[in-house]
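For reference, the structure is listed below as structure tokens.
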Amino acid sequence: MAKKAKSRTIAVRLISMAMTGYYKTLTRPRVHRPLSMLKYDPVVRKQVLFLEQKRKK
Numbered sequence: 331m332a333k334k335a336k337s338r339t340i341a342v343r344l345i346s347m348a349m350t351g352y353y354k355t356l357t358r359p360r361v362h363r364p365l366s367m368l369k370y371d372p373v374v375r376k377q378v379l380f381l382e383q384k385r386k387k
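Just remember that this note's numbering sits 330 ahead of the position in the sequence shown, which is counted from 1.
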């Protein structure tokens with residue numbers, strides 16, 4: 331049997347670098363680099379850096 335094709339997009343979790351435990355879930359194309367962006371963290375009420383969490387296998 332043939333293997334199942336991988337999807338073009340993947341769901342990733344962006345974790346707040348303010349270490350508040352707040353995260354956002356987004357989808358991104360599989361071929362792009364890992365995401366990092368400035369977003370609003372409501373726990374500290376500031377814009378902070380969000381980095382993509384390492385995916386577990």
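Backbone N, C-alpha and C fix where the C-beta goes; we use that ideal spot for every residue, glycine too.
C-alpha distance - residue i paired with residue j, whole-angstrom precision
{"i": "residue 359", "j": "residue 339", "result": "4 Å"}
{"i": "residue 371", "j": "residue 332", "result": "44 Å"}
{"i": "residue 334", "j": "residue 346", "result": "33 Å"}
{"i": "residue 363", "j": "residue 357", "result": "12 Å"}
{"i": "residue 337", "j": "residue 361", "result": "11 Å"}
{"i": "residue 341", "j": "residue 383", "result": "11 Å"}
Integer Cβ distance of residue i from residue j, believed to fall under 8 Å
{"i": "residue 373", "j": "residue 352", "result": "5 Å"}
{"i": "residue 344", "j": "residue 381", "result": "7 Å"}
Residue i - DSSP class collapsed to helix/strand/coil
{"i": "residue 365", "result": "coil"}
{"i": "residue 341", "result": "strand"}
{"i": "residue 317", "result": "Residue numbering for the chain in the displayed model covers 331 to 387; residue 317 lies beyond these limits and cannot be assessed."}
Paired residues, beta bridge with residue i - DSSP
{"i": "residue 370", "result": "377"}
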